[in-house]
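Just below is one structure, and these are the notes that go with it.
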Amino acid sequence: MQPPRQISGECLRVSRVQTLQELFKRYRRPGDKVFAFAFFMLSLFLLTQLPHETEWVEKRTNWYAQPMLWSSIGVLGMVFFGFLHLVSTWISPKIPGRWKEVGFWLQSLEFVVYFLIYVAIVPQLGYLPSTLFFCLFLAVRTGFRTANMLLYAAVFACVTAIFFRGFLQVKIPAGAIYDYLPEPLRGIALIYL
């Protein structure tokens, strides 16, 4: 380390990296090895899929406009840096608590399952009832159980459903349950709810 320099009344330290190890010093967390391995495997999988998902056009196309170029650069970067990350975590000392951290990550898959259930019930119940049920369920599940919070969740669900179906005219399948409504109400429900 150099001695401090005086610049306009302030003291400024200039640090120099002494070793390569200092340059690449990492602050690790539990679960790094699992994440690095999973990321590297995902990037290898994407690399194997490149020839099937994109192509190099033989026509008079500039090299920088080729459909395969930028996706290949991105995936090759993922593979290269994923490999470096994997090697660096593998040679680093082990940190306890890895599987506890992985278990914490897997808990988030619960909400993926909830969303898949929501997507499955929209064609049966309709967009508005499904969204209302989903928002109320998530409010209760995440701990917002007061009457005010449930009211906010219900209002949010109704506004979201009416905005997307009624104003934006998003093509969301109408619920099969709407077939059982009386005729005047059925038409409104099929278009706006």
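First residue of the sequence shown: 1, per the UniProt record's numbering; consecutive thereafter. Here a beta-carbon is modelled for each residue, glycine too, at the ideal position from N, C-alpha and C.
Do residue i and the ligand SAH come close, with the Cβ less than 7 Å from some heavy atom?
i: proline 93; result: The ligand content of the structure shown is nil, which means the ligand SAH is not present either.
Can residue i and residue j be called in contact, C-beta distance under 8 Å?
i: glutamine 124; j: glycine 77; result: no
i: cysteine 135; j: alanine 120; result: no
i: tyrosine 178; j: leucine 190; result: yes
i: glycine 103; j: proline 30; result: no
i: threonine 89; j: lysine 33; result: yes
i: serine 71; j: threonine 54; result: yes
i: leucine 47; j: valine 79; result: yes
Report the three-state DSSP secondary structure of residue i (helix, strand or coil).
i: glutamate 183; result: helix
i: proline 67; result: helix
i: alanine 38; result: helix
i: proline 30; result: coil
i: alanine 153; result: helix
i: methionine 1; result: Because methionine 1 carries a pLDDT of 49, less than 50, the predicted location of this residue cannot be relied on, and the following value inherits that uncertainty. Methionine 1 falls in the coil class under three-state DSSP.
i: threonine 142; result: coil
i: serine 92; result: coil
i: glutamate 55; result: coil
i: glycine 166; result: helix
i: threonine 48; result: helix
i: threonine 61; result: coil
i: glycine 82; result: helix
i: glycine 126; result: coil
Using 10 angstroms around the beta-carbon of residue i, count the other beta-carbons present and answer buried if the total reaches 16, otherwise exposed.
i: arginine 165; result: buried
i: phenylalanine 40; result: buried
i: alanine 65; result: exposed
i: threonine 146; result: exposed
i: proline 67; result: exposed
i: proline 129; result: buried
i: leucine 86; result: buried
i: glycine 187; result: exposed
i: serine 108; result: exposed
i: valine 112; result: exposed
i: valine 75; result: buried
i: glycine 143; result: exposed
i: leucine 132; result: buried
i: valine 155; result: exposed
i: proline 182; result: exposed
Give the range of the alpha helix (DSSP H) segment to which residue i is assigned.
i: threonine 146; result: Where threonine 146 is concerned, there is no enclosing alpha helix (DSSP H), given that its DSSP letter is neither H nor E.
i: lysine 100; result: 98 to 107
i: proline 173; result: No alpha helix (DSSP H) contains proline 173, which DSSP labels as neither H nor E.
Compare the C-beta of residue i with all C-beta atoms of chain B and state if any pair is closer than 8 Å.
i: leucine 132; result: Here there is only one protein chain, and chain B is not present.
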